[in-house]
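See below for the structure under consideration.
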Amino acid sequence: MLLSKLFLSLVKINTMNKDRLKEVLSIPSVYGEEGLVRDYIQTYAEDNDIDYHIDKKGNIYLTKGSEKMTEGEYYPCVVAHMDTVHRNHIDLVYTNQRLDIVEQPYEDSQYTDLQQTALIAKHPTTKEQTGIGGDDKCGVAVCLEMLDYFHVIKASFFVEEEIGMKGSQQADEEFFSNVGYAIQFDAPSSDWITEVCSGQRLFDKDFKDLITEDLSNNGYTNYSNDPFTDVNQLAKKFDFSCLNLGCGYYRQHTANEYVIIEEVEDAIRAGKSLISKLGLDFYKHEKNKPVLSEERDALYYDVDDIWEDELKEMSNDITESVVSMLAMGYDKDEISEHIYEYLEKNYY
12 MLLSKLFLSL VKINTMNKDR LKEVLSIPSV YGEEGLVRDY IQTYAEDNDI DYHIDKKGNI
72 YLTKGSEKMT EGEYYPCVVA HMDTVHRNHI DLVYTNQRLD IVEQPYEDSQ YTDLQQTALI
132 AKHPTTKEQT GIGGDDKCGV AVCLEMLDYF HVIKASFFVE EEIGMKGSQQ ADEEFFSNVG
192 YAIQFDAPSS DWITEVCSGQ RLFDKDFKDL ITEDLSNNGY TNYSNDPFTD VNQLAKKFDF
252 SCLNLGCGYY RQHTANEYVI IEEVEDAIRA GKSLISKLGL DFYKHEKNKP VLSEERDALY
312 YDVDDIWEDE LKEMSNDITE SVVSMLAMGY DKDEISEHIY EYLEKNYY
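Mapping of the sequence shown onto my numbering: residues 12 to 359, in sequence order.
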C-alpha cells in the first residue's frame, strides 16, 4: 500500500500556472465546436507522455500512472467540460484566433486584507469585452493542474455540456470502470459544492462526512442543489461518488463574465487536498438515486420554501439566458429550444 501511494508524494511547487490559465481562457470554444480546446488538451497529453483517447462524440479522456496501479486500487478522476455558450466566438473558432485576456485588480474583493485579481476577455477584433468562458475553461485549467501534480489520476473533458450534457451522456464506460470517485470543477465562486444536481444525488452521507472537513479547511462550505453539469450523468451511469466544486468564474453565460485568479487557486488547493485524502480507494454511492421528497426535509428543512426558491432561481436563470441570447443574436426558435431543454432537465 505504501508503494501504491506514490502518487501522493510528487513534490511540486504549489503555485498555479497563471500563464496556462490565461492561455486556456483565451481559446475560443462553443458547444459543438470544442476542437481547439480538445487540441490543446491532446497536445498537453502528448507533451507529458500521458495516455489519452478521444471517443466518437469528441470527448477526450486522459489516464496517467497506469503502471503504478496495483490490484484493488481505483483512479481519482477530475472532470470539466470544454464548451461554452458564447456563440459570438464561432468565427474565432473557425479562424483559430485567440481572445485577449486582460488582468486587472478586482475592486469588490470579499477580503479586506487581500487584493484579488480579475481576468476578463476582449474580442480580438472589436476590442470590446466578451465572455471569457470561465464556465468551464477554468475547470479545464484546474484539471490540468491536477494532472501536473499527481502521479496516478484520470481526467475526462466533455463536449456539449451547455446544451444538455450531451457529451457526458455518452461517457466511455470502460474508461470509468476503474474510477473510485470523480470531482468536477464547474461552478461559480470558490465556496460552492454541488450535492444534488438536477434531482440526482451525487454522493451519500458517509462520503459527505469524509470530505466536509477538508472542503471547509479550503473555504468550501456551501452545499447546494444545482442545475445540470456532467457529474449528473456520471452519477446516473456509475456507482462511484461524485461532486462538483466552484472554480472562480462569475456572471457566466454573459459578455461580462470574469474570473478571479485567487479563487481558481482555491479550487486547485481544494482538489489537491481532497485527492490526497481520498487516495486510490473506491467510494460507492447508490447509482441513479434521486432526491426523494421525504429526503428534502433533512436536506433543506422547509421543502415548500426551498421549492419556491428553486422556481424563482429557474425563472431568473431563464430570464438571464434569454436576455443574453437576444444580445448575442439568437433567433426565437433557438431561444425556444434552449428554454425547452432547460425546463426538461431542471423541472423534476
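Ideal Cβ placement from N, Cα and C applies to all residues, glycine included. Note that the structure is a prediction, hence the values are computed from the model and not measured.
Next on the checklist: One question on the structure: do LEU73 and LYS165 come within less than 8 Å of each other, judged by their Cβ atoms?
Outcome noted: yes
Next on the checklist: I need the straight-line Cα distance from SER201 to ASN255, nearest angstrom please.
Outcome noted: 11 Å
Checklist entry - Given ASN243, which residues of its chain have a CB within under 7 Å of its CB, disregarding the five upstream and five downstream residues? => result MET176, CYS208, SER209, GLN211
Next on the checklist: Quick check on the burial criterion: 16 or more other C-beta atoms within 10 angstroms. Buried or exposed for GLY83?
Outcome noted: exposed
Checklist entry - How long is the line joining the alpha carbons of LYS68 and GLU348, rounded to whole angstroms? => result 21 Å
Checklist entry - DSSP state of ASP250, grouped into three classes? => result coil
Item to check | Contacting residues, own chain, Cβ-Cβ under 6 Å from TRP318 (five flanking each side not counted) | outcome: Low per-residue confidence applies at TRP318: pLDDT is 41, beneath 50, and the placement is therefore not dependable enough to give any value.
Next on the checklist: Can you check which of these residues, TYR55, HIS92, ASP62, ASP30, is closest to GLU44 by C-alpha distance?
Outcome noted: HIS92
Item to check | Contact under 8 Å by Cβ, LYS133 with ASP102 | outcome: no
Checklist entry - Where does ASN70 land, buried or exposed, given buried means 16+ other C-beta within 10 angstroms? => result buried
Checklist entry - Buried or exposed: GLU78, going by 16 or more other Cβ atoms within 10 Å of its Cβ? => result exposed
Checklist entry - Out of curiosity, what's the CA-to-CA distance linking GLN180 and PHE168? => result 12 Å
Item to check | Secondary structure of GLY150, DSSP reduced to three states | outcome: helix
Checklist entry - Of all the options PHE161, ILE174, CYS253, which has the alpha carbon lying nearest to the alpha carbon of PHE218? => result CYS253
Checklist entry - Can you tell me the Cα-Cα spacing of VAL153 and GLN127, whole angstroms? => result 18 Å
Item to check | Closest residue to GLU297 among ASN233, THR106, ASP215 (Cα-Cα distance) | outcome: ASP215
Checklist entry - Just how far apart, CA to CA, sit LYS138 and GLU173? => result 26 Å
Checklist entry - Does DSSP put GLU206 in a helix, in a strand, or in coil? => result strand
Next on the checklist: Please state the DSSP three-state secondary structure of LYS67.
Outcome noted: coil
Item to check | Bridge partner(s) assigned by DSSP for ALA166 | outcome: LEU73, VAL89
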